[in-house]
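The structure under discussion appears below in the form of structure tokens.
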Amino acid sequence: MAKAGAIPFTTRWMPEMFGIGTLVVAILIFELLVQSGVVNRFIIPPPSDVFLAFERVVMEEDILGRVRETAFEMTVAGVAVVIVGIPIGALLYRYSIWRRALEDWIGALAAAPIVLAFPLFLVLFGRSSTTIIVMAFFHGLAPIILKTVEGLTATRKVLINVGRSLNMTSSQMFWKILFPSALPVIFTGIRLSWTFCLITVVGVEFLINLGGLGQLINDLAERYDLPGTYASICFVIFVSVLFFVILERIESWLQPAR
Amino acid sequence: MTSLSSDSLSARTASASLAASAPAMVIDDVVKRFGRGTEVVTAVDHVSFNVAQGEFVSVIGPSGCGKSTLFNIIGGLLGDYEGNVLIGDERISAPHPEVGMVFQEESTFPWRNVIDNVAFPLELQGVAKSERMDRAHHFIDMVGLANFEKNYPSQLSGGMKQRVSIARTLVSQPKILLMDEPFAALDEQTRLLLGDKITQIQQQLNQTTLLITHNLTEAVQLSDRIVVMTYRPGKVKRIVDIKLARPRTSDVVGSDAFGHYVAEIWNDLREEASRGMADSESAASRRGAHG
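Listed in order, the protein sequences are those of chains A and B. The opening position of the first sequence corresponds to residue 4 in this note's numbering, with each subsequent residue numbered one higher. The opening position of the second sequence corresponds to residue -1 in this note's numbering, with each subsequent residue numbered one higher.
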């Protein structure tokens, strides 16, 4: 019998089990579609082949080193967008003239295909991790700035009035009311920014054939090793999941009421 | 009990003698206008009354009578006005440490649990953690939320959240508690019960309190005096002494005297509320005509 107050097993794990179950069912459907010839196996390999390719990719392609390299580039770009983007967002909130002047341009930056500007960055920073990190940083910067502005602007007026009634200084007002109030929206911005960063990191690795998982995907695709290519893509998903789990933990720690 | 048929002059005289003993706050000829040139709207028009130490005064009036403007002026959130709001000899032009404000809208911090919400003003004052926790516990007990200290606002009902806001205001022990329709969003039963709680706290602390409300029963249940305002521009129409016995509970709402006070004040308010309603309707029809 479940202990009093404990969450029943099915309630606690049902969402996770349902998620995994859905994935397994989707994989099985793909397997059937490819094996039956409905989907061309030269475009999408059977999931069973992809599964078997994992061992080869791990043993022969230095996958851990590549994951480490991609994760490193992603970490540097991801931390940099947070460190730079949130203060820029706060400044745009504070100075409305800057906000009105720059918000549309920053929105345009978010939509711009910065990946295509890789030749320029190669000239500036050389064929190195620095190029990948800088490009990922620029691509990831806009969402976090925009979401920081949005979160701060959305702070309820009554909370600001509580702060005013308590004679709070501007600094207290920011750190104790505006920032915590904006945090859920800022985290949405971080999620978007990190997605942009990871896409850019892997994309530029692929394009300039350098470094981590992007280069491996490029190599395997050039060799027409489709199961290996898809297995490598699974590792990109793994890196993505890893970063989002970390972000989730940080968010739970900073916002226990969530 | 003061005769309810007494005219406004005698009510004012009686009020003045009560307030004259030791006014905790003086509102003297306050005027607030918004807009410029031909677009000027007078929201508060030559409003004067005193609030004595330990007294519970309500300001009542229809929507649009400038109650919330008056709340913001007294709370120091609207510093630009004519006349004087005085605490001692000090004119209010910015939030004053001796005035604690409770707002109409739910104003707890969702990222802080109950005890951290209540201790917030003490944290700003740099009070040591153990002391601020002790004081916060005391006021949480006082508002009847002793078992909810670790809960977050999202886990509380509307009435409980307002009690957290009240405790947060009381914790810094303001000389004057200023409340702007704090129960407006609550159902009638919760409103009556919270009224009991407020009365109990007010008597326990001898807390000078100014309540802004449009709710008649709430005003009569809680107040020593009620300032009745006119519809736009907001002037003092009448000040009524409420001579119901204290200590007072929500049981009082069933008494004949209570009913008489409500009826009497409603007679004053009806005309103002009707003007307000007619004004809203003509504004709506003008919008319709333009639309």
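Glycine included, C-beta positions come from ideal geometry on N, C-alpha and C.
Let's test the definition: count the other Cβ atoms within 10 Å of the Cβ of residue i and tell me whether it reaches 16, buried, or not, exposed.
| i | result |
| --- | --- |
| Q219 (chain B) | buried |
| W16 (chain A) | exposed |
| S184 (chain A) | buried |
| V37 (chain A) | buried |
| K65 (chain B) | buried |
| S77 (chain A) | The residue asked about is misnamed: residue 77 (chain A) is Met in this sequence, not Ser. Burial call: buried. |
| L262 (chain A) | Lying before the first or after the last residue shown, residue 262 (chain A) is absent from chain A, which here runs from 4 to 261. |
| M140 (chain B) | buried |
| S105 (chain B) | buried |
| T151 (chain A) | buried |
| P11 (chain A) | exposed |
| N212 (chain A) | exposed |
For residue i, would you say it is in contact with chain A, using Cβ-to-Cβ distances shorter than 8 Å as the test?
| i | result |
| --- | --- |
| F101 (chain B) | yes |
| F181 (chain B) | no |
| L75 (chain B) | yes |
| W109 (chain B) | yes |
| S91 (chain B) | no |
| Y150 (chain B) | yes |
| L122 (chain B) | yes |
| P60 (chain B) | no |
| S66 (chain B) | no |
| S105 (chain B) | yes |
| P245 (chain B) | no |
| P21 (chain B) | no |
Is the CB of residue i under 8 Å away from at least one CB in chain B?
| i | result |
| --- | --- |
| E251 (chain A) | no |
| A29 (chain A) | no |
| A111 (chain A) | no |
| A93 (chain A) | no |
| S243 (chain A) | no |
| A260 (chain A) | yes |
| S255 (chain A) | no |
Once DSSP output is grouped into helix, strand and coil, what is the label at residue i?
| i | result |
| --- | --- |
| I32 (chain A) | helix |
| L328 (chain B) | Outside the shown range of chain B, which is -1 to 289, sits residue 328 (chain B), and nothing can be said about it. |
| S46 (chain B) | strand |
| L143 (chain B) | coil |
| M131 (chain B) | helix |
| N265 (chain B) | helix |
| S280 (chain B) | helix |
| V169 (chain B) | coil |
| D194 (chain B) | helix |
| R167 (chain A) | helix |
| N82 (chain B) | strand |
| V57 (chain B) | strand |
| I90 (chain B) | coil |
| V79 (chain A) | helix |
| T106 (chain B) | coil |
| G98 (chain B) | strand |
| P245 (chain B) | coil |
| P146 (chain A) | helix |
| A41 (chain B) | strand |
| L125 (chain A) | helix |
| F190 (chain A) | helix |
| F32 (chain B) | strand |
| V60 (chain A) | helix |
| R130 (chain A) | coil |
| V270 (chain A) | Since the first and last residues shown for chain A are 4 and 261, residue 270 (chain A) lies out of range. |
For residue i versus residue j, is the C-beta distance shorter than 8 Å?
| i | j | result |
| --- | --- | --- |
| G24 (chain A) | I135 (chain A) | no |
| V45 (chain B) | G252 (chain B) | no |
| A234 (chain A) | V42 (chain A) | no |
| V306 (chain B) | V29 (chain B) | This structure leaves residue 306 (chain B) out entirely; chain B is present only between -1 and 289. |
| N149 (chain B) | N115 (chain B) | no |
| T206 (chain B) | V49 (chain B) | yes |
| R133 (chain B) | L120 (chain B) | yes |
| V84 (chain A) | G143 (chain A) | yes |
| F32 (chain B) | V39 (chain B) | yes |
| G92 (chain A) | I147 (chain A) | yes |
| V118 (chain A) | L216 (chain A) | no |
Closer than 8 Å between beta carbons: that is the criterion. Which residues of the segment 167 to 200 of chain A meet it against chain B? Flagged, chain order: R167, S168, L169, N170, M171, Q175, K179, I180, P183, S184 and L186.
Which residues, in order along the segment 151 to 165 of chain A, keep a beta-carbon less than 9 Å from a beta-carbon of chain B? Within the segment 151 to 165 of chain A, those residues whose Cβ lies closer than 9 Å to any Cβ of chain B are, in chain order, R159, K160, V161, L162, N164 and V165.
Of all the residues that make up the segment 33 to 45 of chain A, which are near chain B by a beta-carbon distance shorter than 9 Å? So the list is empty, because no residue satisfies the distance condition.
Chain A contacts from the segment 213 to 231 of chain B (Cβ-Cβ distance under 8 Å): none
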